[in-house]
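Enquirer:
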Amino acid sequence: VGLLIGERLRLGSVDSAGLMPIDTALLQQALPVALKRDQAGRNRLRPVLAYYAPHAQFELGAMLIRPAPQLWVTGSALLVLSESGPHLKGGFTLLPEGAPCFELDLSVPVDWYIQRVHDAAGDSLPFESYHRQEGPSHTRIQLPRGIAPRQEFPIYFEARGQTTGWLSPWSSRSAGFPAFAVIGAARE
Numbered sequence: 026v027g028l029l030i031g032e033r034l035r036l037g038s039v040d041s042a043g044l045m046p047i048d049t050a051l052l053q054q055a056l057p058v059a060l061k062r063d064q065a066g067r068n069r070l071r072p073v074l075a076y077y078a079p080h081a082q083f084e085l086g087a088m089l090i091r092p093a094p095q096l097w098v099t100g101s102a103l104l105v106l107s108e109s110g111p112h113l114k115g116g117f118t119l120l121p122e123g124a125p126c127f128e129l130d131l132s133v134p135v136d137w138y139i140q141r142v143h144d145a146a147g148d149s150l151p152f153e154s155y156h157r158q159e160g161p162s163h164t165r166i167q168l169p170r171g172i173a174p175r176q177e178f179p180i181y182f183e184a185r186g187q188t189t190g191w192l193s194p195w196s197s198r199s200a201g202f203p204a205f206a207v208i209g210a211a212r213e
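Using this note's numbering, read the sequence shown as starting at 26 and increasing by one per residue.
#1: With a cut-off of 8 Å, do at least 3 Cβ pairs link the segment 90-98 to the segment 198-212?
#2: Is the Cβ-Cβ distance between residue 115 and residue 205 less than 8 Å?
#3: Report back the beta-carbon spacing between residue 152 and residue 166 to the nearest angstrom; my notes put them in contact at under 8 Å.
#4: Measuring CA to CA, which of 89, 59, 90, 55 is closest to residue 76?
#5: Compute the Euclidean distance between the alpha carbons of residue 103 and residue 142, then round it to the nearest angstrom.
#6: Output the residue ranges of the alpha helix (DSSP H) runs that lie fully inside the segment 171-201 and measure 4 residues or longer, sorted by chain position.
#7: What residues in its chain sit with their C-beta under 8 Å from that of residue 144, if we drop five residues either side in the sequence?
#8: Looking only at DSSP bridge pairs, what is residue 40 linked to?
#9: From residue 86 to residue 52, what does the alpha carbon distance come to, in whole angstroms?
#10: Are there 16 or more other CB atoms within 10 angstroms of the CB of residue 90, so buried, or fewer, so exposed?
#11: Going by DSSP in three states, residue 103 sits in which element: helix, strand or coil?
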């Protein structure tokens with residue numbers, strides 16, 4: 026007797042009666058070839074429990090847990106201050122867990138505007154910006170092909186800061202580093 030679960034599920038508590046635990050490697054050996062194949066992008070099955078049933082009467086119960094989807098993110102940014110104003114080139118590597126990712130929201134600092142978003146191949150990604158009168162705005166980025174769980178996907182963006190007064194005469198000027206962030210990321 027064995028239990029296979031999808032890679033997105035976690036095993037919680039287990040109750041059994043009339044069964045003797047055995048190594049799950051024995052169950053893995055007994056699986057049909059079709060279940061052993063690596064199926065890219067699919068929720069692969071994996072053995073988590075294996076038992077020997079010495080009698081026809083036995084009981085097996087298990088609690089399965091579906092973790093909440095999470096989006097792991099790492100990012101980088103390069104700020105350029107020039108005569109034409111502040112300009113930023115940034116990027117995020119996205120790694121969804123638990124569910125595919127088809128869109129994300131990017132927090133955009135006050136007085137900054139996203140100009141372009143693209144993938145690693147340079148293909149533009151559709152986005153829509155939502156500006157607020159006060160506080161940070163945000164930009165929703167669409168990922169038309171989606172990102173499968175446990176698959177890394179880099180995105181890149183270009184943004185320009187507000188240039189009001191940038192070209193007027195000044196001898197020194199302070200500029201803070203703008204913080205762009207993926208809203209709802211599990212880790213950034």
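Ideal Cβ positions, reconstructed from N, Cα and C, are used throughout, including at glycine.
Expert: Result, derived from the coordinates:
#1: yes
#2: yes
#3: 5 Å
#4: The candidate whose alpha carbon is nearest that of residue 76 is 55.
#5: 15 Å
#6: none
#7: Closer than 8 Å at the Cβ level, and outside the excluded window around residue 144, lie 150, 178, 179, 180, 181.
#8: 86
#9: Distance between the alpha carbons of residue 86 and residue 52: 18 Å.
#10: exposed
#11: strand
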